[in-house]
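K.L.:
So the sequence lines, in the order shown, correspond to chains A and B.
The working numbering puts the first residue of the first sequence at 32, with every later residue one more than the last.
The working numbering puts the first residue of the second sequence at 32, with every later residue one more than the last.
A virtual CB, placed ideally from N, CA and C, is assigned to each residue, including glycine.
Below is one structure. I have some questions about it.
Protein chains: 2
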Amino acid sequence: MNNVTMEDVAKAAGVSRSHVSLAYRDAYGIKPDVREHILAVGKKLGYRPNRIASLLAGKSNGAIGVYLQDLHNDFFADIYDGIREVTDPLGRHLVLAIGNTDGSRDVQALETLLESRVDVVIAAGLMISDKDLAKYTSKVNMVSVARIVKKADNVYSNNLAGATKATEHLISLGHRNIAFISNPISDGYGDRLKGYESAMQSAGLSPRTYEGSYSRKEVQEIATQILASKIRPTAIFAHNDQAALGVMDAVVTLGLKPGKDVSVMGYDNSSLSQSPLAAMSTVDIHGYELGRLAAEVANKRMSGEHSKLITEYVEPTLVPRSTTGKM
Amino acid sequence: MNNVTMEDVAKAAGVSRSHVSLAYRDAYGIKPDVREHILAVGKKLGYRPNRIASLLAGKSNGAIGVYLQDLHNDFFADIYDGIREVTDPLGRHLVLAIGNTDGSRDVQALETLLESRVDVVIAAGLMISDKDLAKYTSKVNMVSVARIVKKADNVYSNNLAGATKATEHLISLGHRNIAFISNPISDGYGDRLKGYESAMQSAGLSPRTYEGSYSRKEVQEIATQILASKIRPTAIFAHNDQAALGVMDAVVTLGLKPGKDVSVMGYDNSSLSQSPLAAMSTVDIHGYELGRLAAEVANKRMSGEHSKLITEYVEPTLVPRSTTGKM
DNA sequence: CACCATTTCAAGAGCGCTCTTGAAAAAGAG
DNA sequence: CTCTTTTTCAAGAGCGCTCTTGAAATGGTG
Chain A
32 MNNVTMEDVA KAAGVSRSHV SLAYRDAYGI KPDVREHILA VGKKLGYRPN RIASLLAGKS
92 NGAIGVYLQD LHNDFFADIY DGIREVTDPL GRHLVLAIGN TDGSRDVQAL ETLLESRVDV
152 VIAAGLMISD KDLAKYTSKV NMVSVARIVK KADNVYSNNL AGATKATEHL ISLGHRNIAF
212 ISNPISDGYG DRLKGYESAM QSAGLSPRTY EGSYSRKEVQ EIATQILASK IRPTAIFAHN
272 DQAALGVMDA VVTLGLKPGK DVSVMGYDNS SLSQSPLAAM STVDIHGYEL GRLAAEVANK
332 RMSGEHSKLI TEYVEPTLVP RSTTGKM
Chain B
32 MNNVTMEDVA KAAGVSRSHV SLAYRDAYGI KPDVREHILA VGKKLGYRPN RIASLLAGKS
92 NGAIGVYLQD LHNDFFADIY DGIREVTDPL GRHLVLAIGN TDGSRDVQAL ETLLESRVDV
152 VIAAGLMISD KDLAKYTSKV NMVSVARIVK KADNVYSNNL AGATKATEHL ISLGHRNIAF
212 ISNPISDGYG DRLKGYESAM QSAGLSPRTY EGSYSRKEVQ EIATQILASK IRPTAIFAHN
272 DQAALGVMDA VVTLGLKPGK DVSVMGYDNS SLSQSPLAAM STVDIHGYEL GRLAAEVANK
332 RMSGEHSKLI TEYVEPTLVP RSTTGKM
């Protein structure tokens, strides 16, 4: 292992340990040439600062915790890419924690992040209730992505407006019987449903909502049932792309053609929905951008610049592709 | 933050600090009732062991580092699921590091893992050269998934056999002009190409290999060019599913039908390839199982049971779906 | 060149835990 | 009941770093 310590470098360079410490951080109050010298000696000895020790001794080490709901959902990978765009150049350390589609790992994931003593947590796709979440927002700085959370910084996309646009798009194509597959939990994520409902009602149509899931396979089953119902909807709008892909799975399995026999509308504009193979109509909430903003907010929070909670908005845009067509 | 320390618990429970430490680990040499008492007091005070401090003080804390190449490639999510199946029940701590499709983040990711002082690294999809990799295998225990690495434990799928089967499958469907889109790097991953070449030669056919990529989009471009060539191949076999999906993107973008106009063969049997929407013919290398085995090997390595390097094999199986059809 | 402000450095006290050491208590043996 | 072995515990020395404190060197000023 790497056993050369700060002490070794100090001795070899003929300075004190604390000076080596300073040299390896931004460090003013140290002569440039001395600093150079220390760094050179450190390099020669193959010294690498021990993050563990520095974490323990210092009050902070500038690490950001990142919670991602699910590795199978491409949208979270987009967010992650956005985060890295800003953290990589800064050399920020990221600690990842992964949940799952039913939320049962959320608490453990957050605990892990706390144990790692990160300065701030960027959370994308948490499913635990607002109440449970409050326990964590009081313990650690949190930047919530795409879900409004109290006592946290928020990087948010206007889901109400986005879902309204999407529904109106379907209506404008002539669809009247539009089903919505909702999010299984409502806390913090209810706006997509609301947008759908309000657009339907404004058009004098009656909403037809089914409780969904975050799992593509589970949604496929749900969609299969919906498509088997006596009065088959002509369009299905799912609460996110992952779910919408499950709908697509159901549609093609039944031998139907998306955008022709049934229209399918997603939400997120994940990389996967963009691929020509899926070519799925969806609402772009700019996941990459959300991730980027979240990381910037996290930086601000760590630097202590802002005392007030920050909320950043990104406007969703409708992206019609080939899975929605005229009725 | 969480400021109740081991010292606090010790005082409140009327025992020594070291005894609290023992109580919170497996710990023998401590009376069961005392242990219960300590744990009860700790819970009441809201004590949570500080992983950072324990890491620094102890020689190991049983953490496993996990390197995954790319979050957009579903196959790595499968591996990760397999890993978690065995680590979750044990309460093992996982430290994640994510690379990217061109390998440029590999070194940084490995460094991060080393800095986190993990006991063993499970690496899936590393792209750095064997030579560079050797620097790390000498510093930390490594379990390599799906790539044979010297001085490391290996959880391996027989790529030579798998690629041979896949190619033979295409040949048996009547294809003669079969293109192969290879891995951009050869170190540790060359067997799929070899399997393809040998199967082609055995059948008296001449291989037609194109250098590929790990990026779906880049492969789409490559495939588009291939499909535009004067003598268009009737089948394209890609080094992995992610690449094969790029081929599919090219195929559908050109208005062709996979499995009819052009056959597309992938490799990995990632979740994505299994979805009805893709329904892609591929070779199942049992990613979930590979992940599971890797975690088990990692456990063995940590427990110090084995001194010799371990190699586990998983047999690949051909999974014909709808993207390969008769010529 | 005396004086004070400023910059550059060394020393040392922790951070919260683990692990070794050895003492005290309990158990077994004769 | 004494002596030995075993188990249960306390004390304390670190792990490798940061950060505060104050001393030494440096610079600026009249």
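Is Asn190 of chain A closer than 8 Å to Asp222 of chain A when the C-beta atoms are compared?
P.N.:
Within the first sequence, residue 222 of chain A is the residue found at index 191, counting from 1. Within the first sequence, residue 190 of chain A is the residue found at index 159, counting from 1. Yes, they are a contact pair.
K.L.:
Give the DSSP-derived three-state secondary structure of Leu99 of chain B in the structure shown.
P.N.:
As a working note, residue 99 of chain B is residue 68 in the second sequence. Reduced to three states, the DSSP call for Leu99 of chain B is strand.
K.L.:
Of the residues A:Lys357, A:Glu116, A:Ile129, A:Pro307, which one's Cα is nearest the Cα of Asp119 of chain B?
P.N.:
Indexing the second sequence from 1 puts residue 119 of chain B at position 88. Looking at the Cα atoms, A:Ile129 is the closest of the given residues.
K.L.:
Decide if Ile262 of chain B is buried, meaning its Cβ has at least 16 other Cβ atoms within 10 Å, or exposed.
P.N.:
The sequence position of residue 262 of chain B within the second sequence is 231, counting from 1. Ile262 of chain B comes out exposed.
K.L.:
Does Val278 of chain A come out as helix, strand or coil in the three-state DSSP assignment?
P.N.:
On the first sequence, position 247 is the one that residue 278 of chain A refers to. If DSSP states are grouped into helix, strand and coil, Val278 of chain A belongs with the helices.
K.L.:
Under 9 Å between beta-carbons, which chain A residues line up against Pro307 of chain B? List them in chain order, please.
P.N.:
Reading the second sequence from its first residue, position 276 is the one you call residue 307 of chain B. Going along chain A in sequence order, the residues near Pro307 of chain B (Cβ under 9 Å) are Gln251, Met279, Asp280, Ala281, Val282, Val283, Thr284.
K.L.:
With DSSP as the reference, label Arg239 of chain A as helix, strand or coil.
P.N.:
Reading the first sequence from its first residue, position 208 is the one you call residue 239 of chain A. Here Arg239 of chain A sits in strand by DSSP.
K.L.:
If you reduce the DSSP assignment to three classes, tell me which class Thr151 of chain B lands in.
P.N.:
Residue mapping note: residue 151 of chain B aligns to position 120 of the second sequence, counting from 1. Per the sequence presented here, residue 151 of chain B reads as Val, with Thr not at that position. In this structure, Val151 of chain B counts as strand in the three-state DSSP scheme.
K.L.:
Which of the three DSSP states is assigned to Val50 of chain A in this structure?
P.N.:
Position 19 of the first sequence, counted from the start, is the residue given in the question as residue 50 of chain A. Residue identity differs from the one stated: residue 50 of chain A is His in this sequence, not Val. DSSP places His50 of chain A in helix when its eight states are reduced to three.
K.L.:
Just the C-alpha distance for Glu38 of chain A and Ser169 of chain B, rounded to the nearest angstrom, thanks.
P.N.:
The sequence position of residue 38 of chain A within the first sequence is 7, counting from 1. The sequence position of residue 169 of chain B within the second sequence is 138, counting from 1. Going by the C-alpha atoms only, they are around 24 Å apart.
K.L.:
Using 8 Å as the limit for Cβ to Cβ distance, is Asn34 of chain B near chain A?
P.N.:
Taking the second sequence and counting its residues from 1, one reaches residue 34 of chain B at position 3. It does not: the Cβ of Asn34 of chain B has no partner Cβ on chain A nearer than 8 Å.
K.L.:
Work out the CA separation of Ser244 of chain B and Ser91 of chain B for me, nearest whole Å.
P.N.:
The residue labelled residue 91 of chain B in the question sits at position 60 within the second sequence. The residue labelled residue 244 of chain B in the question sits at position 213 within the second sequence. Approximately 38 Å, taken between the alpha carbons.
K.L.:
Given a cut-off of 8 Å on the beta-carbon distance, is the pair His16 of chain B and Pro351 of chain B in contact?
P.N.:
As displayed, chain B neither begins before 32 nor continues past 358, which places residue 16 of chain B out of reach and without an answer.
K.L.:
I want to see whether chain A comes within less than 8 Å of Ser302 of chain B, judged by CB atoms only; does it?
P.N.:
Position 271 of the second sequence, counting from 1, holds the residue named residue 302 of chain B. It does; some Cβ of chain A falls within 8 Å.
K.L.:
By DSSP, does Asn214 of chain B sit in helix, in strand, or in coil?
P.N.:
Here residue 214 of chain B is taken as the residue at index 183 of the second sequence, counted from 1. In this structure, Asn214 of chain B counts as coil in the three-state DSSP scheme.
K.L.:
Could you check whether the Cβ of Tyr111 of chain A sits closer than 8 Å to any Cβ belonging to chain B?
P.N.:
Here residue 111 of chain A refers to the residue found at position 80 of the first sequence. Chain B contact via Cβ: present.
K.L.:
Rank B:Ala183, B:Gln251, B:Ser49, B:His50 by C-alpha distance to the C-alpha of Leu285 of chain B and give the top, closest one.
P.N.:
Start at 1 with the first residue of the second sequence, and residue 285 of chain B comes out as number 254. For Leu285 of chain B, the nearest C-alpha among the options comes from B:Gln251.
K.L.:
In angstroms, rounded to a whole number, what distance separates the CA positions of Asn172 of chain A and Arg332 of chain A?
P.N.:
Within the first sequence, the letter at position 141 stands for residue 172 of chain A. Within the first sequence, the letter at position 301 stands for residue 332 of chain A. Taking the straight line from one Cα to the other gives about 8 Å.
K.L.:
How about Ser147 of chain B: is its C-beta nearer than 8 Å to some C-beta of chain A?
P.N.:
What you label residue 147 of chain B is simply residue 116 of the second sequence in a count that begins at 1. Yes - at least one Cβ of chain A is within 8 Å of the one on Ser147 of chain B.
K.L.:
Please state whether DSSP places Pro347 of chain A in a helix, a strand or coil.
P.N.:
Indexing the first sequence from 1 puts residue 347 of chain A at position 316. Note: Pro347 of chain A maps to coil in three-state DSSP.
K.L.:
Along the chain, where does the beta strand (DSSP E) that runs through Val250 of chain A open and close?
P.N.:
The residue given as residue 250 of chain A occupies position 219 in the first sequence. Per DSSP, Val250 of chain A belongs to no beta strand (DSSP E); it is in the alpha helix (DSSP H), 247-259.
K.L.:
Using the C-alpha atoms, what's the distance from Leu324 of chain B back to Glu343 of chain B?
P.N.:
The residue labelled residue 343 of chain B in the question sits at position 312 within the second sequence. The residue labelled residue 324 of chain B in the question sits at position 293 within the second sequence. So the two alpha carbons sit approximately 7 Å from each other.
K.L.:
Output the residue ranges of the alpha helix (DSSP H) runs that lie fully inside the region 66-132 of chain A and measure 4 residues or longer, sorted by chain position.
P.N.:
Listed in chain order, the complete alpha helix (DSSP H) runs (minimum 4 residues) inside the region 66-132 of chain A are 82-88, 105-121.
K.L.:
What are the boundary residues of the beta strand (DSSP E) that Asn172 of chain B is part of?
P.N.:
Position 141 of the second sequence, counting from 1, holds the residue named residue 172 of chain B. Here the beta strand (DSSP E) through Asn172 of chain B covers 172-176.
K.L.:
For the beta strand (DSSP E) containing Tyr187 of chain B, list its first residue and its last residue.
P.N.:
To locate residue 187 of chain B, count along the second sequence from 1; it is residue 156. That run of the beta strand (DSSP E) goes 184-188.
K.L.:
Any beta carbon of chain B sitting closer than 8 Å to that of Thr195 of chain A?
P.N.:
Taking the first residue of the first sequence as 1, we reach residue 195 of chain A at position 164. No, Thr195 of chain A lies away from the interface with chain B (no Cβ there is under 8 Å from its Cβ).
K.L.:
Thr36 of chain B lies in the beta strand (DSSP E); which residues open and close that run?
P.N.:
Against the second sequence, residue 36 of chain B aligns to sequence position 5. From DSSP, Thr36 of chain B is part of no beta strand (DSSP E); its letter is neither H nor E.
K.L.:
Would you grab the beta carbon distance between Gly113 of chain A and Val149 of chain A for me? Rounded to a whole angstrom, and I think it's under 8 Å.
P.N.:
Reading the first sequence from its first residue, position 82 is the one you call residue 113 of chain A. Reading the first sequence from its first residue, position 118 is the one you call residue 149 of chain A. Not confirmed; about 18 Å, so no contact.
K.L.:
Going by beta-carbon coordinates alone, are Ala254 of chain A and Ala281 of chain A separated by less than 8 Å?
P.N.:
Along the first sequence, read from residue 1 onward, the residue named residue 254 of chain A stands at position 223. Along the first sequence, read from residue 1 onward, the residue named residue 281 of chain A stands at position 250. Contact flag set, yes.
K.L.:
Could you have a look at Ala310 of chain B and say whether DSSP puts it in helix, strand or coil?
P.N.:
For this step, residue 310 of chain B is matched to residue 279 along the second sequence. Looking at Ala310 of chain B - three-state DSSP - the assignment turns out to be coil, as it is neither helix nor strand.
K.L.:
Would you decide whether Ala44 of chain B is buried or exposed? Buried here means 16 or more other CB atoms lie within 10 Å of its CB.
P.N.:
Counting from 1 along the second sequence, the entry for residue 44 of chain B is found at position 13. Classification for Ala44 of chain B: buried.
K.L.:
Which residues in the same chain as Leu204 of chain B place their Cβ atom closer than 8 Å to its Cβ, once the five residues preceding and following it in sequence are excluded?
P.N.:
For the purposes of this step, residue 204 of chain B is taken as the residue at position 173 of the second sequence. So the qualifying residues of the chain are Ala266, Ser294, Thr355, Gly356, Lys357, Met358.
K.L.:
Could you tell me the alpha carbon to alpha carbon distance between Glu346 of chain B and Ala194 of chain B, rounded to whole angstroms?
P.N.:
Working through the second sequence from its first residue, we reach residue 346 of chain B at position 315. Working through the second sequence from its first residue, we reach residue 194 of chain B at position 163. Distance between the alpha carbons of Glu346 of chain B and Ala194 of chain B: 12 Å.
K.L.:
Would you list, in chain order, the members of the region 94-111 of chain B that have their beta-carbon closer than 7 Å to a beta-carbon of chain A?
P.N.:
For the region 94-111 of chain B, which is checked against every Cβ of chain A, the residues closer than 7 Å are Leu102, His103, Asp105, Ala108, Tyr111.
K.L.:
If we ignore side chains and look at the alpha-carbon of each, how far apart do Arg79 of chain B and Leu70 of chain B end up?
P.N.:
As a working note, residue 79 of chain B is residue 48 in the second sequence. As a working note, residue 70 of chain B is residue 39 in the second sequence. Cα to Cα, the separation comes out at about 11 Å.
K.L.:
Give the interface partners of Thr143 of chain A over in chain B, defined as CB-CB distance under 8 Å, in chain order.
P.N.:
Residue mapping note: residue 143 of chain A aligns to position 112 of the first sequence, counting from 1. By Cβ distance, chain B contributes His124.
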